[in-house]
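Everything below concerns the one structure shown next.
4 protein chains.
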Amino acid sequence: MQTTLLRLSCPDKIGLLARITNLVAHQGGNLKEVAQFTDPKDGWFFTRMEIETATLRNGLEALRTVIAPLAQELGAEWSLRPAEARPKVVLMVSKLGHCLADLLWRWRSGELAFDIPCVISNHETLRPFAEREGIPFHWVPVTPQNRREAFAEMEALWTSLGADLVVLARYMQILPTEICERWPSRLMNIHHSFLPSFVGANPYQRAYFRGVKLIGATCHYATADLDEGPIIEQEVVRVEHYHSEEDLLRLGRDCERLALARGLRYHLAERVLVRGNRTTVFRD
Amino acid sequence: MQTTLLRLSCPDKIGLLARITNLVAHQGGNLKEVAQFTDPKDGWFFTRMEIETATLRNGLEALRTVIAPLAQELGAEWSLRPAEARPKVVLMVSKLGHCLADLLWRWRSGELAFDIPCVISNHETLRPFAEREGIPFHWVPVTPQNRREAFAEMEALWTSLGADLVVLARYMQILPTEICERWPSRLMNIHHSFLPSFVGANPYQRAYFRGVKLIGATCHYATADLDEGPIIEQEVVRVEHYHSEEDLLRLGRDCERLALARGLRYHLAERVLVRGNRTTVFRD
Amino acid sequence: MQTTLLRLSCPDKIGLLARITNLVAHQGGNLKEVAQFTDPKDGWFFTRMEIETATLRNGLEALRTVIAPLAQELGAEWSLRPAEARPKVVLMVSKLGHCLADLLWRWRSGELAFDIPCVISNHETLRPFAEREGIPFHWVPVTPQNRREAFAEMEALWTSLGADLVVLARYMQILPTEICERWPSRLMNIHHSFLPSFVGANPYQRAYFRGVKLIGATCHYATADLDEGPIIEQEVVRVEHYHSEEDLLRLGRDCERLALARGLRYHLAERVLVRGNRTTVFRD
Amino acid sequence: MQTTLLRLSCPDKIGLLARITNLVAHQGGNLKEVAQFTDPKDGWFFTRMEIETATLRNGLEALRTVIAPLAQELGAEWSLRPAEARPKVVLMVSKLGHCLADLLWRWRSGELAFDIPCVISNHETLRPFAEREGIPFHWVPVTPQNRREAFAEMEALWTSLGADLVVLARYMQILPTEICERWPSRLMNIHHSFLPSFVGANPYQRAYFRGVKLIGATCHYATADLDEGPIIEQEVVRVEHYHSEEDLLRLGRDCERLALARGLRYHLAERVLVRGNRTTVFRD
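Written as structure tokens, this is what we have:
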């Protein structure tokens, strides 16, 4: 059954949900799933709707035509697309392959529906894992000298391949500020700590020395402020005194995989709505 | 800010959410929170709305008047009430006081908003804990001989006190079938296992002998089929080989407290919608 | 069955566990539970043993006599006591009663075995909850002007009452550095965040604004560095975009109660061994 | 650093740990990790030790020589082996590849240390995933007619390849009773429910219809009684009313992967000691 995804956020008003559901109903659209949240703190309205495409008398584009003026009136940020459209997701990696392997399995098995135009890395290590799946692999080394050019090359790749999203799947380089600003809510990172604990480098080592009893991972959108972007998903696991730093790395890998896979899942299904530094995530 | 709670379920139809939100909007009602779920399996529609009471131009009863005919047309099960109305909840206990103590604390501190017309028990053990809070305590011993009369007496108490809900907070007696049938979705039980594991007596002992690595508790509505009623909430905790049966009891108590408190919270806020043996719980 | 608790830590050496267990065996002591951990990072040895007291041919004090010279030779920090000795625990509170209520219930029901010489608070709010349990309540107001005297008065109380441990059960005042230094590993605090996230004031508010997807609580020993002491236990709970700051407070309360109760349990049973800023916790 | 693993269980006696640690100490063995548990219920002693191999004056075999007579005297079940020996693990699969993919990644990356003599399946589906890793793949179709011969063929394979362990990684066939009996604690299964809930077929479907709020997976040793074998590890995940049967399958896959990977990890490191239907798992 084909599905149309509507995602919309705007300042709150009385009657908003009624107006939108009316528009959908007048097109014959059957609502399969509706999520709505009004943030009482700053009076903001968020909604996401799954509409049975076959019931839309005049199709998705006709629905777009009637929603557009309302969205403009409301000052809304919104999107409307077929759920079946597979977003193009570029994967960025360094040498650690656990997140890549996990995403490739979910992609290959169809659990997550997206296309992978390429994998990019600053090392050759993971080339075989991409290429054996038939995915182009680009090696773009990054040095203090070529940083600017290297990232320009990568961003050009993203653009030329029509990337809808770029996933930093344990890509251990810090992205230039301007790139982060040009790709808002389209750069997804997995940080290997339970943010805001252990922002920055070597979080597992620091977790070990702090003696915490839980470690975790955070999936968030990258912004110019390192590790400060809107959080999409977090996962934690209990640790004990007998766990070495190496054990924390091992236990953390499972957290990273799960948090990233869930965050990506929510993003692909238009379930993440960002406002400022907070996300509304209509989880499934 | 006063709030009106609307809860409604019925067979699904195109345009349902639009019709209901229109009715509310026409009364001026500002929707603070809307939850909606359509069960694709059997085509059933569930919704719960929080409406800002002050914005209802003609008040809650006027809204009831316009919703009633729609609900009838739809064959809906529904309710509409002020969130501020405090349901009357009778607490039933035996000798174990941990769930009672937990509920009394949440009630006393205002975390949960309800009134307690009385505590009923088949033992005198917990009388002081109720009475020191100013809550009447009724001792109704149950023996094989007086079972029928004892439960008749208790049900009469519930009725005369206007109980909206009866909570079996580790009340270790099995209720007569007829009573379960007369109080559908109004008898809440906490079972000391992660159902459907260990239905029936001595679940912790059986968990111990089975050697499970997780134990739990289940909050559910009591039905004529013991431990088979609709599940509202469950909680689990990890156990290890070194945990004795007594340890399982101890660890389980925390699960029981949490699962019961959450289940009661959802019920009090009209967040639980029952259909057959499944619940839709719009959690908060 | 009476039990003797031995707790010992020292620099690691080959044959250490053999030497200690030999000493115990030569006294006839039956080991009911042995936990041992060697920290490979800094070569430190930690052990905790539960010995069946009745099997000690010459009793606990004779065992102490044979262990003392070995401990001295090893440069060990150690303790030996009957498990049945009930430590004296002073409870410090402000206005929030959830941790107090939880501890009082576990104390009253016998789940945790300790004595409460008194409850101390800078407010009168919780007096009735202590007094109805027959526990003396001391009101010691703290102002910027009387801080020094107030804490001197409280520390004098602790000392005169023979406190083995002081629990800051949501006591919202910062303790003077000298007091923290005089009571190492004997001041237990519950911090209302998942440390090291949100060190300091208003952690739930900051968690809300950061948009985290999990919040938590941390039970730790207080040290001169605020919120930097050795962590004993942590607990987390998932939160969603629709949870307000007030919801975080509510959800956090259950984390705080559980983390504090567990931390206290481990401490009372001599299960916590501190070295530097890390704890070895032989959990049960 | 090379490590020797000692695992031993027997009826409890006073002085047992002292005798064993003495034997190790007399060989010069440095104990890196000691886990000990005495089951008070049936008086059984379990221990596992990690010994620094380089410190054993006369090597591992000399240690075996001195432990053997003690073990015989005690009626102990025991093993002694270098941690570096890589057990041979045959993987059995059907059509679902998520557990296989997960184990292959952990194997390939070195997170888990074992050899895979072959993958066996009743379908050809997963052949490419094994073969691209250089692992032989055997297709052994099973029909009602050839069941006996098929399993005889497979068991012959296990034996001829010197399998130390056989992992049923979502192998959807029930093994013949005699085979289960011939391979006690050497057949590891992952069951797709939180046992003892939903023993048998279609657990996710049954979980859906029962309306549980948590689903899970169980890693256990296979025995003649289907799904009744000793449990090694369990994992659960919260589910909601809006999760379809298909969603449960998806969420459950992550539980299955984690529970199986952990169970296998514990087994490979000699951390699982079985007695009757219960396991002692000295987790790491």
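If you're matching them up, the sequences are chains A, B, C and D in order. No gaps in the numbering here: position 174 of the first sequence is 173 in numbering that gives the first Met the number 0, and each next residue is one more. No gaps in the numbering here: position 162 of the second sequence is 161 in numbering that gives the first Met the number 0, and each next residue is one more. No gaps in the numbering here: position 173 of the third sequence is 172 in numbering that gives the first Met the number 0, and each next residue is one more. No gaps in the numbering here: position 28 of the fourth sequence is 27 in numbering that gives the first Met the number 0, and each next residue is one more. Every residue gets a Cβ at the ideal spot worked out from N, C-alpha and C, and that includes glycine. Remember, it's a predicted structure, so these values are computed and weren't measured experimentally.
Burial state of residue i (16 or more Cβ within 10 Å)
i      : result
D/M358 : Since the first and last residues shown for chain D are 0 and 283, residue 358 of chain D lies out of range.
D/P135 : exposed
A/A84  : exposed
B/P81  : exposed
B/L266 : The amino acid occupying residue 266 of chain B in the given sequence is His; Leu does not appear at that position. Counting Cβ neighbours within 10 Å, B/H266 comes out buried, since at least 16 surround it.
C/M0   : exposed
B/N121 : buried
C/R270 : buried
A/G294 : Because chain A is modelled from 0 through 283, residue 294 of chain A falls outside the range shown and cannot be assessed.
D/D224 : exposed
D/T222 : buried
Where the beta strand (DSSP E) through residue i begins and ends
i      : result
B/F36  : 29-38
B/Y220 : 213-220
A/P10  : 2-10
C/P86  : C/P86 -> no beta strand (DSSP E), and no H or E assigned at all.
B/I231 : 230-237
Closest residue to residue i among the options (Cα-Cα distance)
i      : options                        : result
D/P140 : D/R131, D/D224, D/Y220, D/E152 : D/E152
A/I173 : A/L125, A/S93, A/P127          : A/S93
A/H137 : A/I119, A/G58, A/E244          : A/I119
B/T54  : A/H219, A/A216, A/R249, A/I13  : A/I13
A/R6   : A/A223, A/Q26, A/F36, A/W182   : A/F36
D/V165 : D/G109, D/E255, D/P116, D/L95  : D/P116
D/V273 : D/D226, D/Y220, D/N121, D/L62  : D/Y220
B/E255 : B/L99, B/S78, B/P86            : B/L99
D/P195 : D/D226, D/R249, D/R185         : D/D226
D/S192 : B/R185, B/L186, B/V211, B/G133 : B/V211
A/E148 : A/L263, A/E132, A/I178         : A/I178
A/D41  : C/D253, C/S243, C/L263, C/D283 : C/S243
Cα-Cα separation, residue i to residue j
i      : j      : result
C/R261 : C/T64  : 32 Å
A/Y203 : C/D38  : 17 Å
A/H25  : A/I189 : 42 Å
A/T279 : A/R47  : 10 Å
A/E76  : A/L59  : 18 Å
B/R205 : D/T3   : 37 Å
D/V33  : D/E49  : 6 Å
D/G96  : D/A112 : 20 Å
B/V235 : B/L213 : 6 Å
A/I66  : B/E180 : 48 Å
A/L73  : A/C9   : 6 Å
C/W43  : C/E110 : 33 Å
C/F197 : C/T176 : 21 Å
D/S184 : C/E245 : 51 Å
A/A61  : B/N29  : 29 Å
A/V23  : A/Q71  : 17 Å
D/L16  : A/R209 : 33 Å
D/F128 : D/W182 : 27 Å
A/L257 : B/L257 : 26 Å
First through last residue of the alpha helix (DSSP H) which encompasses residue i
i      : result
C/I19  : 15-25
A/L267 : 244-267
D/V65  : 58-73
A/H97  : 97-107
B/L156 : 146-159
8 Å contact criterion, which residue i and residue j should meet: CB distance rounded
i      : j      : result
D/H286 : B/R237 : Because chain D spans 0 through 283 in this model, residue 286 of chain D falls outside it and cannot be assessed.
B/G233 : B/G215 : Sequence inspection shows Gln at residue 233 of chain B; the Gly mentioned does not correspond to that position. B/Q233 to B/G215, Cβ: 6 Å. Contact.
B/L102 : B/A162 : Between B/A162 and B/L102 the Cβ distance is about 15 Å, and since that is not below 8 Å, they are no contact.
A/T20  : B/T52  : The pair is not a contact, with the Cβ atoms about 22 Å apart (cut-off 8 Å).
B/R107 : B/E123 : Wrong, their Cβ atoms sit about 22 Å apart, outside the cutoff.
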